[in-house]
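Okay, structure first, notes after.
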């Protein structure tokens with residue numbers, strides 16, 4: 030009893046039991062909840078959080094079936110984007126890595142592939158018009 034009174038043990042130690050749900054949530058200052066399949070319980074916790082003291086709300090972590098997280102993505106401005114992409118592609122080519130540059134149209138894809146080839150990179154515009162054997 031003295032340990033509980035002096036703060037060395039939780040009150041639940043008096044009757045040798047785990048904390049109740051209510052006791053647990055009253056004592057933790059913060060929590061990170063991770064769930065592959067969030068259900069009603071997690072939704073209720075999020076709603077409670079939204080209406081009270083939480084600063085950060087929720088985030089999605091997309092994990093591939095192989096348990097490998099998606100790669101980091103660096104967002105840059107549109108100014109000099111093709112120059113930046115070619116520079117990065119060259120850096121990766123030196124490490125024997127591949128680079129995929131996504132274009133919005135077939136014409137743009139062909140233009141990007143041409144610019145990459147002019148810069149000394151092995152490149153091709155992979156469009157829907159190609160047969161699988163040509164890709």
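In the numbering used here, the protein residues as written are 30 to 164. Cβ coordinates follow ideal geometry from the N, Cα and C atoms, glycine included. Being a predicted model, the structure only gives us computed values, none of them experimental.
Just verifying my parser: in three-state terms, what is the DSSP assignment at residue i?
i	result
residue 98	strand
residue 137	helix
residue 40	helix
residue 115	helix
residue 74	helix
residue 145	helix
residue 131	coil
residue 160	coil
residue 122	helix
residue 46	coil
How close, in whole Å, do the beta carbons of residue i and residue j come, if the pair is a contact with beta carbons under 8 angstroms?
i	j	result
residue 33	residue 48	Actually they are not in contact, since the Cβ atoms of residue 33 and residue 48 sit about 13 angstroms apart, beyond 8 angstroms.
residue 150	residue 122	6 angstroms
Is it buried or exposed for residue i, if we count other Cβ within 10 angstroms and need 16 for buried?
i	result
residue 145	buried
residue 130	buried
residue 118	buried
residue 57	exposed
residue 30	exposed
residue 65	exposed
residue 136	exposed
residue 142	buried
Nearest-angstrom Cα distance between residue i and residue j?
i	j	result
residue 39	residue 132	60 angstroms
residue 157	residue 134	11 angstroms
residue 153	residue 71	46 angstroms
residue 105	residue 55	43 angstroms
residue 109	residue 116	11 angstroms
residue 68	residue 160	44 angstroms
residue 46	residue 128	57 angstroms
residue 114	residue 50	52 angstroms
residue 59	residue 52	14 angstroms
Taking CB distances under 8 angstroms as the criterion, tell me whether residue i reaches chain C.
i	result
residue 135	This model lacks chain C altogether, as it is built from one protein chain only.
Next on the checklist: Check whether the region 93-110 and the region 72-79 are in contact - that is, three or more C-beta pairs closer than 8 angstroms.
Outcome noted: Too few Cβ pairs lie closer than 8 angstroms, so no.
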